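Numbering (this note's numbering), first residue to last: 15 to 316.
In this text, a Cβ means the ideal position worked out from N, Cα and C, and glycines have one as well.
Since we're looking at a predicted model, the values are computed, not measured.
The next block holds one structure in the form of structure tokens; read it before the comments.
Shown next, in the form of structure tokens:
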């Protein structure tokens, strides 16, 4: 309703944000995330899957909602447009996550082979990488180095992981669904018909992972990132942002304490909003939050 913009709390928050913004504009980011996410802004121009058969789970909705699975992994990440990958220093990252690389992309396939898999990095793909623009199953193989078969039309985009957790939507029946056929993969989940839905495969020195749909709880992504050598900042599944000096925690998990582990040393942390201090002599501390809370903490150097 009207009038929400007159809430005095907004003015107070904006003032604090402006103070922080002015301060941070004078400083460089001092900490480098180990994860990079890539979003293909051009995919809607060439993916044959982009039609109304998807209903509320059509591809552009899938592409947008899927970021929640990464956001709730409690691991900071950099976000890029897909074309940026060809000019980035990929040595900075352990994991590259491709949320909607669904176009046939020979240039990307070459880069993955030469600079990702050969360098011992992990590539995580969602749904149908390389399938669009008539890339088909061959286009998927070019990016993931896995082989696929298409399930009969009407199969749900839904699977059970190795812990029997349901992932996806049983009602999502009107879209293409793909199963991995390689024998040399680690199975991470299966469709209801037994076909391999999610899988991990060793490629050269690196790793390729395919996820048919996203896990909005963050459990799947947090486990995969941990396996790839990325340590979550929290023992819960919340959104975290970190630049080396400021840590932001957006609470999304259940209410209660969050046990935080930071990759840098600090004498203490100060809550930017309340001024409350948290000791952090050993790189660990605990903060109590409830869903919807946002904590912004400044690290005080030793």
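{"Query": "Report yes or no: do the segment 140-158 and the segment 176-183 share at least 3 C-beta pairs separated by less than 8 angstroms?", "Result": "no"}
{"Query": "Provide the residue span of the alpha helix (DSSP H) that contains residue 83, from first to last.", "Result": "81-85"}
{"Query": "Just the Cα atoms here: how many angstroms apart are residue 13 and residue 187?", "Result": "Outside the shown range of the chain, which is 15 to 316, sits residue 13, and nothing can be said about it."}
{"Query": "Hey, out of 50, 34, 246, whose CA is closest to residue 98's CA?", "Result": "50"}
{"Query": "Determine the burial state of residue 201: buried for a count of at least 16 other Cβ atoms within 10 Å of its Cβ, exposed for fewer.", "Result": "exposed"}
{"Query": "Does the structure place the segment 86-96 close enough to the segment 126-139 that three or more beta carbon pairs sit under 8 angstroms?", "Result": "no"}
{"Query": "Between the alpha carbons of residue 224 and residue 213, how many angstroms are there, rounded?", "Result": "6 angstroms"}
{"Query": "Just reading off the alpha helix (DSSP H) that residue 234 is part of, what are its end residues?", "Result": "233-241"}
{"Query": "I need the DSSP call for residue 134, collapsed to helix, strand or coil.", "Result": "coil"}
{"Query": "According to DSSP, is residue 22 helix, strand or coil?", "Result": "helix"}
{"Query": "Residue 250 to residue 116, Cα distance in whole Å?", "Result": "31 angstroms"}
{"Query": "Span of the beta strand (DSSP E) holding residue 110?", "Result": "109-112"}
{"Query": "Compare the Cα-Cα distances from residue 52 to each of 189, 80, 41, 170 and report the closest residue.", "Result": "80"}
{"Query": "Answer yes or no: do residue 203 and residue 165 have a C-beta to C-beta separation smaller than 8 angstroms?", "Result": "no"}
{"Query": "Considering only residues of the same chain and omitting the five flanking positions on each side of residue 209, which have a CB-CB separation below 7 angstroms?", "Result": "165, 193"}
{"Query": "Verify whether the separation of the beta carbon atoms of residue 146 and residue 220 is less than 8 angstroms.", "Result": "no"}
{"Query": "Using only the alpha-carbon positions, how far apart do residue 238 and residue 231 sit?", "Result": "13 angstroms"}
{"Query": "Helix, strand or coil: which one does DSSP assign to residue 227?", "Result": "coil"}
{"Query": "Output the distance between the C-alpha atoms of residue 104 and residue 277, rounded to the nearest integer angstrom.", "Result": "20 angstroms"}
{"Query": "Can you check which of these residues, 309, 82, 151, 131, is closest to residue 271 by C-alpha distance?", "Result": "309"}
{"Query": "Using the C-alpha atoms, what's the distance from residue 259 back to residue 120?", "Result": "40 angstroms"}
{"Query": "Excluding sequence positions up to five away, which residues of its chain have a Cβ less than 7 angstroms from the Cβ of residue 307?", "Result": "265"}
{"Query": "Would a C-beta distance cut-off of 8 angstroms place residue 285 and residue 311 closer than the cut-off?", "Result": "yes"}
{"Query": "Kindly indicate which three-state DSSP category residue 92 falls into: helix, strand or coil?", "Result": "strand"}
{"Query": "Among the residues of its own chain, which have a CB less than 8 angstroms from the CB of residue 290, if the five just before and after it don't count?", "Result": "284"}
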